[in-house]
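Engineer: Be aware that the sequence shown starts at 1, since it is given in our numbering, and climbs by one per residue.
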Amino acid sequence: MKKRSGFYPRVRVRGGGAGAVSQAGGVLLVETVRRIGLDTALSTALEPWRRPRAVHDPGKVLLDLALAVALGGDCLSDVAMLRAEPDLFGLVASDPTVSRLVDTLAAAGPRALAAVRQARAEVRERVWSLAGDAAPNTADEVVVDIDGVLVQAHSEKQDAAATWKKTFGHHPLFAFVDHGPGGSGEPVAGLLRPGNAGSNTASDHIAVAQQALAQLPKKYRRGRRTLIRTDSAGGTHDFLNWLTQRGRWLSYSVGMVITDAIHQAVLLVPASAWTPATEPDGNIRDGAWVAELAGDVLKGWPKGMRLIVRKERPYPGAQLRITDADGMRITCFATNATGAPIAALELRHRQRARAEDRIRAARDTGLRNLPLHDASQNRVWLEIVQLALDLLAWMPMLALTGEARRWEPKRLRLRLFSTAAQLVTTGRRFWLRLARHWPWTQVITTAFERLQALPVPG
1 MKKRSGFYPR VRVRGGGAGA VSQAGGVLLV ETVRRIGLDT ALSTALEPWR RPRAVHDPGK
61 VLLDLALAVA LGGDCLSDVA MLRAEPDLFG LVASDPTVSR LVDTLAAAGP RALAAVRQAR
121 AEVRERVWSL AGDAAPNTAD EVVVDIDGVL VQAHSEKQDA AATWKKTFGH HPLFAFVDHG
181 PGGSGEPVAG LLRPGNAGSN TASDHIAVAQ QALAQLPKKY RRGRRTLIRT DSAGGTHDFL
241 NWLTQRGRWL SYSVGMVITD AIHQAVLLVP ASAWTPATEP DGNIRDGAWV AELAGDVLKG
301 WPKGMRLIVR KERPYPGAQL RITDADGMRI TCFATNATGA PIAALELRHR QRARAEDRIR
361 AARDTGLRNL PLHDASQNRV WLEIVQLALD LLAWMPMLAL TGEARRWEPK RLRLRLFSTA
421 AQLVTTGRRF WLRLARHWPW TQVITTAFER LQALPVPG
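1. Using a Cβ-Cβ cutoff of less than 7 Å, which residues in the same chain neighbour G25 once the five nearest sequence positions on both sides are dropped?
2. Could you name the residues that DSSP lists as bridge partners for S251?
3. Can you check whether the CB of V188 is closer than 9 Å to the CB of A207?
4. Does the Cβ-Cβ distance between R229 and I330 come in under 9 Å?
5. Taking contact to mean at least 3 C-beta pairs separated by less than 8 Å, is the region 58-66 in contact with the region 33-48?
6. Check each candidate in R413, V21, E292 and name the one with the smallest Cα separation from A435.
7. Ignore the nearest five residues each way along the sequence and tell me which others in L525's own chain have a CB closer than 6 Å to its CB.
8. Could you tell me which uninterrupted alpha helix (DSSP H) segments, each at least 4 residues in length, are contained entirely in the region 128-152, listed from first to last along the chain?
9. Between V127 and V177, which are expected to be in contact by the criterion C-beta below 8 Å, what is the C-beta distance as a whole number of angstroms?
10. Quick check on the burial criterion: 16 or more other C-beta atoms within 10 angstroms. Buried or exposed for R51?
11. If you count every other CB in all the chains shown that lies within 10 Å of the CB of F459, and 16 or more means buried, which is it?
12. Roughly how many angstroms lie between the CA atoms of V92 and L82, to the nearest whole one?
13. Report yes or no: do the region 248-268 and the region 218-237 share at least 3 C-beta pairs separated by less than 8 Å?
14. Residues in its own chain within less than 8 Å of L298 by CB, not counting five upstream and five downstream?
15. Taking all protein chains shown into account, do 16 or more other C-beta atoms lie within 10 angstroms of the C-beta of G109, making it buried, or fewer, making it exposed?
16. Where DSSP assigns a beta bridge to I308, which residues make up the other side?
17. Distance, Cα to Cα, L101 vs S43?
18. How is L191 classed by DSSP in three states: helix, strand or coil?
19. Should I384 and T275 be called a contact, given that it needs their Cβ atoms to be closer than 9 Å?
20. Are the region 261-273 and the region 387-399 in contact at 8 Å, needing three or more beta carbon pairs?
21. Which first and last residues belong to the beta strand (DSSP E) in which G17 is found?
22. Is it buried or exposed for V11, if we count other Cβ within 10 angstroms and need 16 for buried?
Rendered as structure tokens:
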């Protein structure tokens, strides 16, 4: 009988190697930064915070932190993975220098955050222009989803508090641009809030909506070319009044709590008024119907608001709620959209569920934990996370196609960014030679060629 040696080959390990580069697939993010001009934009924006005779540009330091988070880091010291590869990522600041910059930007408060956001907005407009048909607009409309995120804290950090889910931490509010079924999404606003912040605080929704609109290219800020979507947390009088006052520029689709008035109105809808709900492929959804409510149920709400309700047979074993009617699960949303069948409007609102995918990606990209103590420092961290998520959205938009265009951060890291390569010099040029046997080498090289084909900014 042959002696068993184990499932895996036995290898010996020794240090002292040369010419190998880890995280070689990160070159796609570096080339994206270069081609969209994000490095120049951040350098210019943070120039007021550059000390005389400083070696490290504040824009480069912040960008290195964003790259580290995009590659899987979750704290400031993880920038060390870039520092270890200077041939790929250039000169990277030391940990004390990185910490000092974060403290400096935190002390500057809203002025520093506004500078970073302005740089992101300028670059976003350029990226969408370069992306062409891959830009995130459906029927010439940009969809912005607003949703809250619970971030747990494992120590006494500033503003950490008990959350509505009986956990302890923070409750930031985010806005994401939905890229539709062909892509992922990108963040356009992030508001740090205490853990006990209310889910339906209208002033917070208004602040996030304003931040989000400021991030969009100017042509999408008028003529109802932007759709704001929220769950029922946004269904407040103040927020809907604010949206209505900007009705010339905005469309909205906002979930509503099923009140007793709505419940009673649903019971009065005749059978002939119910329309079968539809699926994204155009087929009719079996066991689901939609109808529009009118009359007294709209009293007190903004002019032009429509209430569309959906009833659906619950899945076997599902527990009905007190707001459900006649054994049907009832949901409702408000919109000011016109000119489309109510089934299409209901399907569009239901697709807000893609925001949960964006939240999952954000948790995997530095938002599982806020690593710093002060709230002002963690506000800077939120901007770093958003920069990282921007890069993880912009690179696929510009360089990937097909299924790879929809890969989330975890898959991008596993298949592309974690690739090892050999760094060689030929004709005074540096070349990264990726492993021939790696299944996604062709994806990386093709994506890099697409990026290099883009015009250099300026």
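All C-beta atoms in this analysis are idealised placements derived from N, C-alpha and C, irrespective of residue type, glycine included.
Structural biologist: Let me spell this out:
1. L416, F417, S418, T419, I444
2. L227
3. no
4. no
5. yes
6. V21
7. Examination of residue 525 is not possible in this model, given that the chain is present from 1 through 458 alone.
8. none
9. Not confirmed; about 11 Å, so no contact.
10. exposed
11. What is shown of the chain runs 1 to 458, which leaves residue 459 out entirely.
12. 7 Å
13. yes
14. M305, L307
15. exposed
16. E292, F333
17. 13 Å
18. strand
19. no
20. no
21. Neither: G17 is in no beta strand (DSSP E) and is coded neither H nor E.
22. exposed
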